[in-house]
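This report refers to the structure that appears directly beneath it.
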Amino acid sequence: MLEDDLKFAKIQLSVLKIASPIILILGSIYFWKDNTDKDPIVGFIFLLAIGIGLSLFIIARSHAKKLCIERYLLALKNKSFDEALNYGRMYYGVKRNGMKGLSGEGLTIYDEQAINNDISAYSKL
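The sequence shown lines up with residues 58 to 182 when you count with our numbering.
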């Protein structure tokens, strides 16, 4: 299960890195082309800046999720269960609450149970 999540996170990050600039450029060109204001370049630059910021945030969130799950899996495989507990909380926090969840904030009892199940499963290997 965790290995599948890692594969999906890697694919998602790759797609975002490729698709974000393309969507950003096409959206900006569409806005600039159809804008009838006196000074369309200001709106174009404003839209471009917002798009770049949003793209970077989405890519950073996806990258953080990928790093958390990689470190979580590595700690589980190395049987470093204290470390796995911390990375598990970070991973499930990011999965549930985005970047705000990096501190492990907002976890539910179900997330803690999932971490416990992961640690239990990897301790038997």
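Glycine included, each C-beta is placed from N, C-alpha and C at the ideal position.
- When rounded, the separation of the alpha-carbon atoms in A117 and A178 is 30 Å.
- Under the criterion of beta carbons closer than 8 Å, R153 and G161 do not qualify as touching, at roughly 10 Å.
- The region 76-142 is shown to contain whole alpha helix (DSSP H) runs of 4 or more residues at 97-134, in chain order.
- By the CB criterion at 8 Å, I115 and L59 fall outside the cutoff.
- For E169, the enclosing alpha helix (DSSP H) has its first and last residue at I166 to S180.
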